[in-house]
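Residue numbers (this note's numbering): 1393 to 1538. Here is the structure we will look at, set down as structure tokens.
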């Protein structure tokens, strides 16, 4: 029966990989959410610009236009902040991706090592069986000759 002496290390590497995969998934979801928020702000600014253009054709209070322009400026500031948040989320995402790839690489390395050890075990087992069979054949031949 083959028993891998580093099985606990392999299991540890597998658990680390699962942990890194969870962190990667969380970072990916966060990046997606932040990009969606940025897009929503951009869409809202575009709607506001359309509303402002529509007001050009109408007689309206200058105070309303000033309020719309101030709100547009605020949306622009929000958009800039959100762009920075997206950049930071992208950096975190990339870092988590690298961590996951490293964990996968380490696990695969251990699995390859385990497979090599298993092949060595099988080769040694076959060689031992062959020696035993050869010894029994030699003993039978020796008995016949006597």
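Glycine residues also receive a C-beta, built at the ideal position from the N, C-alpha and C atoms.
Item                                                                                                                                                                    : Value
Pull up the distance between the alpha-carbon of residue 1458 and that of residue 1444, whole angstroms please.                                                         : 10 Å
Taking only the alpha-carbon atoms, compute the straight-line gap between residue 1486 and residue 1467 and give it to the nearest angstrom.                            : 28 Å
Cα separation between residue 1540 and residue 1454?                                                                                                                    : There is simply no residue 1540 to check, as the chain begins at 1393 and stops at 1538 in what is shown.
Determine, using beta-carbon pairs with one atom in the region 1483 to 1497 and one in the region 1415 to 1428, whether at least three such pairs fall under 8 Å.       : yes
Can you find the residues in the same chain that come closer than 6 Å, C-beta to C-beta, to residue 1415, ignoring five residues on each side of it along the sequence? : 1488
Please identify the residue among 1511, 1460, 1447 and 1530 whose C-alpha is closest to the C-alpha of residue 1396.                                                    : 1511
Can you tell me which of 1451, 1446, 1394 and 1502 puts its alpha carbon nearest to the alpha carbon of residue 1403?                                                   : 1502
Closest by CA to residue 1437, which one among 1497, 1495, 1462 and 1491?                                                                                               : 1462
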